[in-house]
Amino acid sequence: MTKSQLIKQLALEKDISAKIAETVVGTVFEEISASLENGQRVELRGFGSFGLKERRSREGRNPKTGESVSVNAKRVMFFKA
105 MTKSQLIKQL ALEKDISAKI AETVVGTVFE EISASLENGQ RVELRGFGSF GLKERRSREG
165 RNPKTGESVS VNAKRVMFFK A
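Here you go:
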């Protein structure tokens with residue numbers, strides 16, 4: 105399901121305008137993003153949780169040339185149902 109499909113479905117099921125449904129969906133996604141940016145975990149009971157994992161720096165390889173490349177440490181988002 106895409107974001108636009110979610111908005112249409114929400115508008116139909118709750119009998120609200122598409123504009124209000126778009127605002128609701130956008131606000132939910134913005135709050136999840138803001139929480140993750142602040143390093144907080146987001147848990148939606150009965151659905152799943154969003155979190156961040158720390159990846160350490162490491163030596164990688166360029167798949168085309170086989171040359172060693174330094175990969176910086178980073179944080180990546182994950183979702184667990």
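To convert, count from 1 in the sequence shown and add 104; that's this note's numbering.
Note that the Cβ used here is the ideal one computed from N, Cα and C, for glycine as well.
Here the structure is a predicted model, which is why all the values come from computation and not from measurement.
Consult DSSP for Phe133 and reduce its assignment to one of helix, strand or coil.
-> helix
Can you tell me the Cβ-Cβ gap for Ile136 and Val146, rounded? I've got them flagged as a contact below 8 Å.
-> 5 Å
Delimiting residues of the alpha helix (DSSP H) encompassing Lys168 = Note, Lys168: premise wrong, no alpha helix (DSSP H); not H, not E.
Find out if the Cβ-Cβ distance for the pair Lys184, Ser153 is shorter than 9 Å.
-> yes
Ends of the beta strand (DSSP E) at Ser153?
-> 152-159
Looking only at C-alpha atoms, which of Val173, Gly130, Glu158 sits nearest to Arg165?
-> Val173
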